[in-house]
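Read through the structure below, which is laid out as structure tokens, and then see the notes.
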Amino acid sequence: MSQAFQSRVFPFTAIVGQAEMKLALLLNVIDPRIGGVMIMGDRGTGKSTTIRALADLLPEIPVVAGDPYNSSPNDPDLQSSEVRERLQRGESISEGRCQVPMVDLPLGATEDRLCGTIDIEKALSEGVRAFEPGLLAKANRGLLYVDEVNLLDDHLVDVLLDSAASGWNTVEREGVSVRHPARFVLIGSGNPEEGELRPQLLDRFGMSVEVRTVRDPEQRVQVVDQRGQFDTDPVSFLTQFQGQQQSLQEKVVAAQERLGSVEMDPDLRLKISEVCGQLEVDGLRGDIVTNRAARALAAFEGRTEVNDDDVARVMACCLRHRLRKDPLEQVDSGDRVVKVFCQVFGLNPDDRDAFQLALAS
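The working numbering applies: residue 39 is where the sequence shown begins, and numbers increase by one.
Right under this line is the structure:
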């Protein structure tokens, strides 16, 4: 793909291991309503590399040329108020295309930088109040990545999660009121050793995955060799994975188009809610996200009917971060989800090893 050669981003399909993280990211791209991904794990496990590779993998999107919010030329829900007003007046708009935006939120960012503020230069030079869009505007229809999200100020996390949930950002500054679309996939990452997110904030992320350092020596050598090849000759390395990248991109696009026709049996939905109930998951976000993630996985696999395996592969990611923490609990929260899933779905607990393999497939 030509964009890959220009940007020289490490290809998504070349990333070794971390199957759970890669699947969660792909499902959120297929259905952004899942609500984003929280990635917790060791340093140096490829979190940032994978996220940038995902943005580079996705196809270009149509946008209104010159619009700072990446407005869609056709979808009113993805258009800024200025674009909608122009269309209502019968004005013609020029259409362009751009790469799916990938925005990094630095830890030191202020609320004005995130949400937008008054354009002081225009106010002083022209005497008019003008709005200067922030990072939420740039991230519209793309990915917003927050590294070390557990170190971010809580009020900024609240703003991020509210915008991600509603799809809009509203700013009131010095008599200027602006409301613009802010539809993005929120991705947070962090190291548990540096502190955890408050449970009420963690619950707002659709999925949570845990990444660990690869211990298998052969895989470690493979990672080192691939990184060395990419750094030495990126063009040759990208050519090697060009076919796989194109194939995965087409698969994601097809899944996005198929998602609306995916159905789920009522009995399966009932079992999902039964698992959530037995795990004492507060609220209904767990039920909703599990349903959406399972549908997205079925669409990704080329099917229009959700099956038990789809639910098995996403349920731990959708529920583990919503469980109440028991200081005396020695079992990993993902294992607790697996145990209850096996009970509700009538699986033999002795087959849990096969279940865990399904999660990583």
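Where is the CB? At the ideal position from N, CA and C, for every residue including glycine.
None of the values given here were measured: they were computed from a predicted structure.
Checklist entry - My guess is that proline 237 and methionine 78 are in contact by the Cβ rule of under 8 Å, so how many angstroms apart are they, rounded? => result As a position in the sequence shown, residue 237 is number 199, starting the count at 1. As a position in the sequence shown, residue 78 is number 40, starting the count at 1. No, proline 237 and methionine 78 are not in contact; Cβ-Cβ is about 14 Å, not under 8 Å.
Next on the checklist: So, at 6 Å on beta carbons, what are the nonlocal neighbours of valine 216 in its own chain, with the 5 sequence-adjacent residues on each side left out?
Outcome noted: Here residue 216 refers to the residue found at position 178 of the sequence shown. Hits under 6 Å: Phe169 and Val209.
Next on the checklist: Need the endpoints of the beta strand (DSSP E) that glutamate 288 sits in, please.
Outcome noted: Numbered from 1 along the sequence shown, position 250 holds the residue referred to as residue 288. Element bounds for glutamate 288: not the beta strand (DSSP E) but the alpha helix (DSSP H), 272-296.
Checklist entry - Could you give the distance in angstroms between the alpha-carbon of lysine 289 and the alpha-carbon of tyrosine 107? => result Stepping through the sequence shown from its first residue, residue 289 is reached at position 251. Stepping through the sequence shown from its first residue, residue 107 is reached at position 69. Cα to Cα, lysine 289 sits roughly 27 Å from tyrosine 107.
Next on the checklist: Comparing C-alpha positions only, which one of Gln280, Asp325 and Glu301 sits nearest to phenylalanine 48?
Outcome noted: As a working mapping, residue 48 is identified with position 10 in the sequence shown. Comparing Cα positions, the closest option is Gln280.
Item to check | Contact set for glycine 55: own chain, Cβ-Cβ below 7 Å, skip 5 residues either direction | outcome: Stepping through the sequence shown from its first residue, residue 55 is reached at position 17. If we look at glycine 55 and ignore the five residues flanking it on each side, its Cβ neighbours are Val252 and Gln257.
Next on the checklist: Using the Cβ count rule (16 or more neighbours within 10 Å means buried), how would you classify glutamate 401?
Outcome noted: As displayed, the chain neither begins before 39 nor continues past 399, which places residue 401 out of reach and without an answer.
Checklist entry - Exposed or buried, which one is proline 70 when buried takes at least 16 other CB atoms within 10 Å? => result The residue given as residue 70 occupies position 32 in the sequence shown. With 16 or more other Cβ atoms within 10 Å, it is buried.
Checklist entry - Excluding sequence positions up to five away, which residues of its chain have a Cβ less than 8 Å from the Cβ of lysine 309? => result Position 271 of the sequence shown, counting from 1, holds the residue named residue 309. Once the five neighbours on either side are set aside, the close Cβ partners of lysine 309 are Val349, Val382 and Phe383.
Next on the checklist: Assuming the contact rule is C-beta atoms closer than 8 Å, valine 261 and methionine 59 should be a hit. Round their C-beta distance to whole Å, please.
Outcome noted: Locating residue 261 in the sequence shown gives position 223, where the first residue counts as 1. Locating residue 59 in the sequence shown gives position 21, where the first residue counts as 1. Not confirmed; about 14 Å, so no contact.
Next on the checklist: Output needed for isoleucine 68: all residues of its chain with C-beta closer than 8 Å, excluding positions within five of it in sequence on either side, in chain order.
Outcome noted: In the sequence shown, counting from the first residue as 1, residue 68 sits at position 30. Val290, Ala293, Gln294, Leu297, Ala334, Ala337 and Phe338.
Next on the checklist: My parser needs the alpha helix (DSSP H) runs of 4 or more residues fully inside the segment 303-359; what are they?
Outcome noted: 304-316, 323-338 and 346-357
Checklist entry - In angstroms, rounded to a whole number, what distance separates the CA positions of glutamate 123 and methionine 140? => result Along the sequence shown, one-based indexing puts residue 123 at 85. Along the sequence shown, one-based indexing puts residue 140 at 102. Answer to the nearest angstrom: the Cα atoms are 27 Å apart.
Checklist entry - How many whole angstroms separate the CB atoms of leucine 143 and leucine 152, which I take to be in contact at a CB cut-off of 8 Å? => result The residue given as residue 143 occupies position 105 in the sequence shown. The residue given as residue 152 occupies position 114 in the sequence shown. Correct: roughly 7 Å between the Cβ atoms.
Checklist entry - aspartate 185 to alanine 103, Cα distance in whole Å? => result On the sequence shown, residue 185 is found 147 positions in, with the first residue counted as 1. On the sequence shown, residue 103 is found 65 positions in, with the first residue counted as 1. Spanning the two alpha carbons is a distance of roughly 30 Å.
Item to check | Extent of the continuous beta strand (DSSP E) run through threonine 155 | outcome: Along the sequence shown, read from residue 1 onward, the residue named residue 155 stands at position 117. 154-156 is the extent of the beta strand (DSSP E) around threonine 155.
Checklist entry - Where do the ends of the beta strand (DSSP E) carrying arginine 217 lie? => result As a working note, residue 217 is residue 179 in the sequence shown. Looking at the DSSP string, the run of the beta strand (DSSP E) that includes arginine 217 is 214-219.
Item to check | Exposure label - cysteine 355; buried when at least 16 CB within 10 Å | outcome: One-based indexing of the sequence shown puts residue 355 at position 317. When all chains shown are included, cysteine 355 counts as buried.
Checklist entry - Which ranges would you report for the beta strand (DSSP E) in the segment 55-84 if only whole runs of at least 3 residues count? => result 75-79
Item to check | Any 3 or more C-beta pairs closer than 8 Å across the segment 87-94 and the segment 300-317 | outcome: no
Item to check | Rounded separation between valine 259 and isoleucine 53 - CA only | outcome: Start at 1 with the first residue of the sequence shown, and residue 259 comes out as number 221. Start at 1 with the first residue of the sequence shown, and residue 53 comes out as number 15. Their backbone Cα atoms lie some 13 Å apart in a straight line.
Next on the checklist: Just to check my reading of the structure: leucine 181 and phenylalanine 222 have Cβ atoms closer than 8 Å, yes? What is that Cβ distance to the nearest angstrom?
Outcome noted: Your numbering for residue 181 matches position 143 in the sequence shown. Your numbering for residue 222 matches position 184 in the sequence shown. Right, their Cβ atoms sit about 6 Å apart.
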